[in-house]
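Trainee: Each residue of the sequence shown is one higher than the last, beginning at 1 in the UniProt record's numbering.
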Amino acid sequence: MEELRDGVRELKSSLSDIYNALTSKTAQKSLLYTILFTSASAVLYGFAAVSYLVFYHNYLPDQITTVPVYLQYGYGVNPYGVATIRNIKDVQAYDISVSLTLPRSPPNLERGNFMVALQLLGNPSPSSSSFRAPPPPPPVPDAAENSQAKMSPDLLRTALLADRPVLYFAARPALMPYADPLVSLASRVVFLVYHVLFPHDAESTTLVVDVAERLAFSKGGPVPTTLLVELQAGQDLQVYKAQVTLTAQLAGLRYFMYKYWVTAFLLFTALFWVCEVVFMVLSFTAIASIFGGGDSQGKVPGKSGAGGRADGEGLDLMSDTERTFPTSSKQQPLKYESQMGIVKSESDEATEVTAADLPPVGRGAEADDEDDYKEEAKYDDEADFRDSGIGTSYSDHTSQSAPRRRNSRRGS
1 MEELRDGVRE LKSSLSDIYN ALTSKTAQKS LLYTILFTSA SAVLYGFAAV SYLVFYHNYL
61 PDQITTVPVY LQYGYGVNPY GVATIRNIKD VQAYDISVSL TLPRSPPNLE RGNFMVALQL
121 LGNPSPSSSS FRAPPPPPPV PDAAENSQAK MSPDLLRTAL LADRPVLYFA ARPALMPYAD
181 PLVSLASRVV FLVYHVLFPH DAESTTLVVD VAERLAFSKG GPVPTTLLVE LQAGQDLQVY
241 KAQVTLTAQL AGLRYFMYKY WVTAFLLFTA LFWVCEVVFM VLSFTAIASI FGGGDSQGKV
301 PGKSGAGGRA DGEGLDLMSD TERTFPTSSK QQPLKYESQM GIVKSESDEA TEVTAADLPP
361 VGRGAEADDE DDYKEEAKYD DEADFRDSGI GTSYSDHTSQ SAPRRRNSRR GS
């Protein structure tokens with residue numbers, strides 16, 4: 001039973017220690033700081049994730065951009081089309097191609113070679129921000145006969161180029177693929193059902209013309225926002241559909257962010273989060289040092305804020321009992337005198353002032369005794385016990401104040 005009681009007592013003691021440790025002010029402060037740090041870190045991690053997504057959208061270009069081009073017929077010498085392009089990045093290589101879907105009609109097969117011209121245009125200049133383009137030129141009536149005049153690559157006749165800088169120009173040749181008449185007839189007979197069900201796909205050809213390879217724009221310079229395509233083959237060229245494809249050739253950091261997007265997201269989000277946490281800790285430390293350092297700097301060392309007394313004020317609560325401390329045999333004993341706290345040896349007692357050397361006690365002495373009594377009453381309110389001067393025990397302060405008052409009255 002005794003062992004069981006000891007075990008229960010030890011368990012209670014351990015639980016009490018644990019409870020006291022958990023409910024202490026230090027533990028509560030640590031728990032509060034942990035909760036605040038965890039909450040702030042979670043919020044900052046969300047901000048870091050959003051920041052990376054914004055950075056990903058602004059820094060990484062679209063890998064493949066396809067822009068439809070609607071050709072304008074009946075105006076000018078050649079059909080042309082204008083389209084708007086977006087999200088073109090500087091210091092980024094692009095491959096640009098023009099795709100034309102043409103029917104295998106006799107005019108197209110008889111056309112032969114023709115030129116496909118592409119111009120990339122920048123933003124309008126600020127001086128011509130209020131410029132309005134005039135209407136397109138009137139149609140050319142004999143455009144079909146003047147084939148030699150239609151091959152000029154000069155596109156400055158269009159009103160669109162009047163206020164936009166030309167950042168890139170290229171003209172590449174194109175040709176309808178040749179097919180042997182006998183082979184074409186045999187193919188139609190074999191795939192007759194397919195030609196009947198899908199006449200559009202069976203009787204069309206798609207031409208892909210590369211007009212730019214690894215085209216890049218300088219850092220900080222203008223980037224194209226508009227493109228212009230002209231088919232320099234005359235108005236009689238028949239086209240089903242035209243489109244321009246821009247393919248970004250990613251390299252370096254952009255390739256890493258696009259190819260390994262999960263790893264890049266985790267890595268850069270963690271990097272942004274660490275930077276935010278470090279900045280938060282530095283800001284909190286700076287604010288704490290600014291607003292929390294005023295109290296310690298406002299105090300004068302050695303004095304209290306209210307009364308201006310020395311830091312040794314606590315010594316007044318110690319008793320004034322004279323003490324004699326033993327020393328070695330060859331030295332005089334050390335003696336502690338009351339009030340002044342002077343430590344001196346027995347050989348110095350001869351120099352002490354005797355009672356005969358003191359001036360006679362008058363009214364001034366009585367007033368001093370009364371002041372001493374008030375001062376002792378003041379210190380009695382500040383402390384409930386004093387050092388008795390004997391060992392490490394304490395004695396009530398009232399037991400020492402009474403003999404002093406009697407001594408002062410006796411001296412009077």
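For every residue, glycine included, the Cβ atom is placed at its ideal position computed from N, Cα and C.
Determine the closest residue to P107 out of E3, A83 and M176, with distance taken between C-alpha atoms.
Mentor: Checking every option, the nearest Cα to that of P107 belongs to M176.
Trainee: Tell me which same chain residues have a C-beta within less than 8 Å of the C-beta of R214, skipping the five on either side of it?
Mentor: Answer for R214: A93, Y94, D95 and Q249, listed in chain order.
Trainee: Would the beta-carbon of W261 fall within 8 Å of that of A48?
Mentor: Result no, Cβ atoms of W261 and A48 do not sit closer than 8 Å.
Trainee: Using 10 angstroms around the beta-carbon of I88, count the other beta-carbons present and answer buried if the total reaches 16, otherwise exposed.
Mentor: So I88 counts as buried.
Trainee: So, with DSSP's three-state summary, where would you put S39?
Mentor: Of the three classes helix, strand and coil, the one that applies to S39 here is helix, per DSSP.
Trainee: Figure out for me which residue from D236, Y59 and V223 has the closest Cα to the Cα of I85.
Mentor: Out of D236, Y59 and V223, V223 has the C-alpha closest to the C-alpha of I85.
Trainee: What ranges does the alpha helix (DSSP H) occupy inside the stretch 159–230, keeping only unbroken runs of at least 4 residues that lie completely in it?
Mentor: Listed in chain order, the complete alpha helix (DSSP H) runs (minimum 4 residues) inside the stretch 159–230 are 181–190, 192–197 and 199–202.
Trainee: Expressed to the nearest angstrom, what Euclidean distance is found between the alpha-carbon atoms of F284 and Q28?
Mentor: When rounded, the distance between both Cα atoms is 19 Å.
Trainee: Quick check on this structure: which residue in V91, A117, T26 and L282 has the alpha carbon closest to the alpha carbon of Q232?
Mentor: Checked all of V91, A117, T26 and L282; the closest Cα to Q232 is A117.
Trainee: Helix, strand or coil for S16 per DSSP?
Mentor: Three-state DSSP puts S16 in a helix.
Trainee: Please state whether DSSP places D95 in a helix, a strand or coil.
Mentor: Three-state result, D95: strand.
Trainee: Could you give the first and the last residue of the continuous alpha helix (DSSP H) run that contains K259?
Mentor: Unbroken alpha helix (DSSP H) run through K259: L253 to K259.
Trainee: Am I right that G81 and V98 are in contact with their C-beta atoms under 8 Å? What's the rounded C-beta distance?
Mentor: With a Cβ gap of about 10 Å, G81 and V98 do not count as contacting.
Trainee: So, with DSSP's three-state summary, where would you put Q70?
Mentor: Strictly speaking, residue 70 in this sequence is Tyr, with Gln absent from that position. In this structure, Y70 counts as coil in the three-state DSSP scheme.
Trainee: Excluding the 5 residues flanking L109 on each side, which residues of the same chain have their C-beta closer than 7 Å to its C-beta?
Mentor: For L109, where only same-chain residues beyond five positions count, the Cβ hits under 7 Å are M176.
Trainee: Out of curiosity, what's the CA-to-CA distance linking V91 and K25?
Mentor: Computed Cα separation, rounded: 59 Å.
Trainee: One question on the structure: do A242 and L71 come within less than 8 Å of each other, judged by their Cβ atoms?
Mentor: Yes, Cβ-Cβ distance for A242 and L71 is below 8 Å.
Trainee: Please go through the same chain and pick out, in chain order, the residues whose beta-carbon is closer than 6 Å to the beta-carbon of T247, but skip the five residues on each side of it.
Mentor: Correct list, in chain order: I64 and D95.
Trainee: Quick one: grab the DSSP three-state call for L53.
Mentor: Note: L53 maps to helix in three-state DSSP.
Trainee: Throw me the rounded Cβ distance for the L60 and S204 pair, which I believe falls under 8 Å.
Mentor: L60 to S204, Cβ: 35 Å. No contact.
Trainee: For the alpha helix (DSSP H) that L109 lies in, which residues bound it at each end?
Mentor: Its alpha helix (DSSP H) spans residues P106 to R111.
Trainee: Check the C-beta distance from V277 over to S41 and give it rounded, since I have them as a contact under 8 Å.
Mentor: V277 to S41, Cβ: 6 Å. Contact.
Trainee: Compare the beta carbon distance of M280 and Y56 with 8 Å and say whether it is the shorter of the two.
Mentor: Not a contact, by the Cβ cut-off of 8 Å.
Trainee: Pick out whichever of R104, I18, N20 and Y255 has its Cα sitting closest to the Cα of P199.
Mentor: Comparing Cα positions, the closest option is R104.
Trainee: Measuring only the C-alpha atoms, how far is E230 from A216?
Mentor: The alpha-carbon atoms of E230 and A216 are separated by roughly 22 Å.
Trainee: Considering only C-alpha positions, which residue in the set L31, V209, L266 and A288 is nearest to A171?
Mentor: The shortest C-alpha separation from A171 is found at V209.
Trainee: Could you spell out where the beta strand (DSSP E) holding V77 opens and where it closes?
Mentor: Counting along the chain, V77 falls outside any beta strand (DSSP E), and DSSP gives it neither H nor E.
Trainee: Do L271 and L121 have their beta-carbon atoms positioned less than 8 Å apart in this structure?
Mentor: No, they are not a contact pair.
Trainee: Quick check on the DSSP output: the beta strand (DSSP E) that includes L118 runs from which residue to which?
Mentor: Here the beta strand (DSSP E) through L118 covers F114 to L121.
Trainee: Exposed or buried, which one is R111 when buried takes at least 16 other CB atoms within 10 Å?
Mentor: Buried.
Trainee: Please classify F114 as buried or exposed, where buried requires at least 16 other C-beta atoms within 10 Å of its C-beta.
Mentor: Buried, because 16 or more other Cβ atoms sit within 10 Å of the Cβ of F114.
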